[in-house]
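Presented below is the structure to which this report refers.
Here you go:
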């Protein structure tokens, strides 16, 4: 799964003295521990490479509204903080720490020029991020994994609410049917930002609608990991929770999940359940040799993708979930909706019922047509 580089104890890494650019060793403070990495004129490390300056596009001033009959904000029922998605956790995994601190030839890690301009459309933003984050992330993943390595691909064509902007899979998994391991969305800052979660009802609806779009894509691809990126921030998500969370909360639910169409609920996600990271500003970088190490967008995307390998990292969830067909009724695996989530209107309820046959996860189907 990983290139040959036997992990060493954390204290041994900290004590290793290696030359850097101009024979200077840089010490990175991560809190309770310090890690030393090195850069030469011909070598670097993934830790430094993924912490360089990022593109800084200006905010889009206008956005277009896209109609959809598949996305409803009230499909997102629970939003929790993904508190374990942090540097200490990432560096606490021996395999990941070894990869991040291992010297790599600079020629293997291209550095696209930073992008600073005014995007007029989401397509412009997607192209800029493809040419920067896509190039850097794919190079880092290729350096980190045995072949075929996980790679990120960008979508072609115009805007669509039901198509991901970025998908990630191995070359052996490329197919029109999807089944990607990670999916990503580009959303304008005017349309989605982390602060909307604590805003008024309209802002909370916008926030939930962005997550609802991502949920639709995650369920379509049967994958757990995804991200939303805007002009100013990146947010990574882990979808569906697990049976420990479900067992702890389902006693409050009016119904319990059961289905004769599946043999186990272990890989079935909790409908509408998200774990969301803190906002990761795109401007954050680790270019100051005397500053503290921060979770940059590059490091976060790499860490997210490293969790989507064939075998789950120790203490992490496997990337694959089991949604099944409409007949499996896996949406009936849910927990009570968070109190802060706005209620849908009667009009929205009637429209949703007409289009897909149900409104809330606990509802029975009243029409033949049902989306997953």
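Residue numbers (this note's numbering): 53 to 424.
Heads up, the beta-carbon is just placed ideally off N, CA and C, and yes, glycines get one too.
{"Item": "Residue 267 CB to nearest heavy atom of the ligand COA below 7 Å", "Value": "Ligands displayed in this structure: none; no statement on the ligand COA is therefore possible."}
{"Item": "Unbroken alpha helix (DSSP H) run spanning residue 181, endpoints", "Value": "174-181"}
{"Item": "Chain-order list of residues whose beta-carbon lies under 7 Å from that of residue 94 (same chain, five-residue window excluded)", "Value": "157, 158"}
{"Item": "Same chain, Cβ closer than 7 Å to residue 422, five either side skipped, listed in chain order", "Value": "With a pLDDT of 48 at residue 422, under the threshold of 50, the predicted position of this residue should be treated as unreliable, and no value is reported."}
{"Item": "Residue range of the unbroken beta strand (DSSP E) whose run includes residue 130", "Value": "130-133"}
{"Item": "CB contact flag (residue 217, residue 233, <8 Å)", "Value": "no"}
{"Item": "Candidates 319, 403, 381, 389: closest to residue 416 by CA position", "Value": "381"}
{"Item": "Alpha helix (DSSP H) runs wholly inside the region 349-403, at least 4 long, in chain order", "Value": "349-358"}
{"Item": "Segment contact, 8 Å Cβ cut-off, at least three pairs: the region 263-277 with the region 288-303", "Value": "yes"}
{"Item": "Reference residue 184; option with closest CA among 170, 389, 204", "Value": "204"}
{"Item": "Beta-bridge pairing of residue 325 - partner residues as DSSP gives them", "Value": "130"}
{"Item": "The region 143-158 touching the region 359-373, judged by at least three CB pairs closer than 8 Å", "Value": "yes"}
{"Item": "Own chain partners of residue 64 with C-beta closer than 6 Å, once the 5 adjacent residues on each side are dropped", "Value": "In this predicted model, residue 64 has a pLDDT of only 35, less than 50, meaning its place in the structure is not dependable; the value taken from the coordinates is given anyway. Excluding positions up to five away in sequence, the list is empty."}
{"Item": "Supposed close pair residue 98, residue 151 - CB separation, criterion 8 Å", "Value": "6 Å"}
{"Item": "Outcome for residue 171 when other beta-carbon atoms lying within 10 angstroms are tallied against a minimum of 16", "Value": "buried"}
{"Item": "Residue 161 to residue 101 span [Cα, whole Å]", "Value": "8 Å"}
{"Item": "Burial state of residue 413, where buried means 16 or more other Cβ atoms lie within 10 Å", "Value": "buried"}
{"Item": "Sequence-distant residues of the same chain with beta carbon closer than 8 Å to residue 47, five excluded per side", "Value": "It is not possible to answer for residue 47, since the shown part of the chain is limited to 53 through 424."}
{"Item": "Within 8 Å, strictly: CB atoms of residue 393 and residue 126", "Value": "yes"}
{"Item": "Endpoints, alpha helix (DSSP H) assigned at residue 289", "Value": "Here residue 289 belongs to no alpha helix (DSSP H); instead the beta strand (DSSP E) covers 285-291."}
{"Item": "Close Cβ partners of residue 332 (< 8 Å) along its chain, the five nearest in sequence each way excluded", "Value": "285, 286, 287, 288, 347, 348, 349, 352"}
{"Item": "CA-to-CA distance, residue 396 to residue 254, given in whole angstroms", "Value": "12 Å"}
{"Item": "Alpha-carbon to alpha-carbon, residue 244 and residue 17", "Value": "Nothing can be reported for residue 17, as the shown portion of the chain is limited to 53 through 424."}
{"Item": "Pair within 8 Å by beta-carbon distance, residue 123 and residue 265", "Value": "yes"}
{"Item": "Best match in 283, 402, 362, 345 for proximity to residue 111 [C-alpha to C-alpha]", "Value": "283"}
{"Item": "Beta-carbon proximity of residue 425 to residue 235, cut-off 8 Å", "Value": "Past the edges of the chain, shown from 53 to 424, lies residue 425, and the structure says nothing about it."}
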